[in-house]
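K.L.:
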Amino acid sequence: MQTPTVLDLKTFLPARDYDLARQFYIDLGFKLNWGNEQVAELEIGAFRFLLQNFHVQAHAGNFMMHLQVDDADAWLAHIEATGLREKYPGITVKPPTLQPWGLRVLYLTDPTGVLWHIADRRRA
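Following this line, the structure appears as C-alpha coordinates:
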(Lines of atoms letter the chains of each structure in order from A and count residues from 1; the text may use other names and numbers.)
(Lines give C-alpha, C1' and ligand atoms only; values in the text may rest on other atoms or scores of the structure.)
Protein backbone atom coordinates (compact mmCIF):
# COMPACT_ATOMS: atom_id res chain seq x y z
CA MET A 1 0.00 0.00 0.00
CA GLN A 2 1.38 3.40 -0.98
CA THR A 3 1.71 6.15 1.63
CA PRO A 4 -0.77 8.98 0.98
CA THR A 5 0.63 12.21 -0.46
CA VAL A 6 2.03 14.77 1.98
CA LEU A 7 1.55 18.41 1.01
CA ASP A 8 3.40 20.19 3.79
CA LEU A 9 5.29 19.71 7.05
CA LYS A 10 5.85 22.52 9.56
CA THR A 11 6.84 22.65 13.18
CA PHE A 12 5.33 24.86 15.89
CA LEU A 13 7.92 26.97 17.71
CA PRO A 14 7.07 28.20 21.19
CA ALA A 15 7.27 31.90 22.08
CA ARG A 16 7.61 33.32 25.60
CA ASP A 17 6.90 36.84 24.28
CA TYR A 18 5.05 36.26 21.02
CA ASP A 19 5.35 39.79 19.59
CA LEU A 20 9.06 40.00 20.44
CA ALA A 21 9.78 36.56 18.95
CA ARG A 22 7.86 37.36 15.77
CA GLN A 23 9.87 40.59 15.32
CA PHE A 24 13.11 38.70 16.03
CA TYR A 25 12.46 36.34 13.13
CA ILE A 26 11.48 39.17 10.81
CA ASP A 27 14.69 40.99 11.77
CA LEU A 28 16.66 37.79 11.16
CA GLY A 29 15.32 37.71 7.59
CA PHE A 30 12.21 35.57 7.72
CA LYS A 31 9.11 36.75 5.86
CA LEU A 32 5.84 36.92 7.77
CA ASN A 33 3.29 35.15 5.54
CA TRP A 34 0.33 35.58 7.87
CA GLY A 35 -0.41 35.79 11.55
CA ASN A 36 -2.91 36.53 14.29
CA GLU A 37 -2.74 36.72 18.10
CA GLN A 38 -2.05 32.98 18.44
CA VAL A 39 0.08 31.83 15.53
CA ALA A 40 2.16 33.19 12.65
CA GLU A 41 3.70 31.52 9.63
CA LEU A 42 7.28 32.60 8.91
CA GLU A 43 9.24 31.68 5.80
CA ILE A 44 12.79 31.79 4.55
CA GLY A 45 13.58 30.43 1.11
CA ALA A 46 11.11 27.60 0.54
CA PHE A 47 10.97 26.67 4.25
CA ARG A 48 8.38 27.66 6.82
CA PHE A 49 7.48 27.22 10.45
CA LEU A 50 4.64 28.30 12.72
CA LEU A 51 5.43 30.55 15.66
CA GLN A 52 2.89 30.02 18.41
CA ASN A 53 1.82 32.16 21.32
CA PHE A 54 2.56 29.32 23.73
CA HIS A 55 5.35 28.81 26.23
CA VAL A 56 6.35 26.02 28.59
CA GLN A 57 9.97 26.51 29.68
CA ALA A 58 10.79 22.80 29.82
CA HIS A 59 9.63 22.46 26.22
CA ALA A 60 11.16 25.69 24.88
CA GLY A 61 14.49 25.09 26.60
CA ASN A 62 14.88 21.78 24.77
CA PHE A 63 13.58 22.86 21.37
CA MET A 64 16.04 22.94 18.47
CA MET A 65 15.84 23.83 14.80
CA HIS A 66 18.34 23.06 12.03
CA LEU A 67 18.86 25.45 9.11
CA GLN A 68 21.22 24.16 6.40
CA VAL A 69 22.90 27.05 4.56
CA ASP A 70 25.64 27.55 1.96
CA ASP A 71 27.81 29.71 4.23
CA ALA A 72 27.47 29.88 8.02
CA ASP A 73 30.07 32.68 8.12
CA ALA A 74 27.83 34.81 5.91
CA TRP A 75 24.97 34.15 8.33
CA LEU A 76 27.12 35.25 11.25
CA ALA A 77 27.99 38.45 9.36
CA HIS A 78 24.27 38.97 8.64
CA ILE A 79 23.36 38.48 12.31
CA GLU A 80 26.04 40.96 13.36
CA ALA A 81 25.07 43.51 10.68
CA THR A 82 21.41 43.44 11.72
CA GLY A 83 22.35 44.16 15.35
CA LEU A 84 20.38 41.25 16.77
CA ARG A 85 22.56 40.94 19.90
CA GLU A 86 21.95 44.58 20.78
CA LYS A 87 18.24 44.55 19.93
CA TYR A 88 17.57 41.23 21.71
CA PRO A 89 19.70 41.05 24.87
CA GLY A 90 19.98 37.52 26.17
CA ILE A 91 20.15 35.74 22.83
CA THR A 92 23.24 33.63 22.24
CA VAL A 93 25.33 33.76 19.07
CA LYS A 94 28.30 31.39 18.74
CA PRO A 95 30.51 31.51 15.62
CA PRO A 96 30.55 28.53 13.25
CA THR A 97 32.64 25.65 14.56
CA LEU A 98 33.35 22.33 12.88
CA GLN A 99 31.47 19.60 14.73
CA PRO A 100 32.49 15.91 14.93
CA TRP A 101 29.61 14.99 12.62
CA GLY A 102 31.16 17.04 9.80
CA LEU A 103 29.06 20.21 9.79
CA ARG A 104 30.18 23.71 10.72
CA VAL A 105 27.49 24.98 13.07
CA LEU A 106 26.62 28.53 14.09
CA TYR A 107 24.53 28.38 17.26
CA LEU A 108 21.82 31.00 17.74
CA THR A 109 19.13 31.17 20.40
CA ASP A 110 15.97 33.16 19.90
CA PRO A 111 14.45 35.31 22.68
CA THR A 112 12.50 32.28 23.97
CA GLY A 113 15.59 30.06 24.15
CA VAL A 114 14.94 27.94 21.06
CA LEU A 115 18.35 26.80 19.81
CA TRP A 116 19.02 27.14 16.08
CA HIS A 117 21.79 25.14 14.40
CA ILE A 118 22.70 27.18 11.32
CA ALA A 119 25.04 24.81 9.50
CA ASP A 120 27.13 24.45 6.39
CA ARG A 121 29.36 21.68 5.03
CA ARG A 122 32.45 23.86 4.50
CA ARG A 123 35.60 22.73 6.24
CA ALA A 124 37.19 24.83 8.98
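Residue numbering for the sequence shown follows our numbering, starting at 635 and increasing by one per position. We put the beta carbon where it would ideally sit given N, CA and C, even for glycine.
#1: What residue range does the alpha helix (DSSP H) around residue 659 cover?
#2: In chain order, which alpha helix (DSSP H) runs of at least 4 residues are fully inside the stretch 655-727?
#3: Helix, strand or coil for residue 753 per DSSP?
#4: Skipping 5 residues on each side, what residues in its chain have a beta carbon closer than 8 Å to that of residue 645?
#5: How many angstroms separate the CA atom of residue 740 from the CA atom of residue 706?
#6: Quick one: give me the first and last residue of the beta strand (DSSP E) that residue 767 is part of.
#7: Output the boundary residues of the beta strand (DSSP E) element that contains residue 648.
#8: Between the stretch 725-739 and the stretch 666-684, do three or more beta carbon pairs fall short of 8 Å?
P.N.:
On the basis of the supplied data:
#1: 652-662
#2: 691-694, 706-715, 718-721
#3: strand
#4: 683, 684, 699
#5: 6 Å
#6: In this structure the chain extends from 635 to 758, so residue 767 is not present and cannot be described.
#7: 646-648
#8: no
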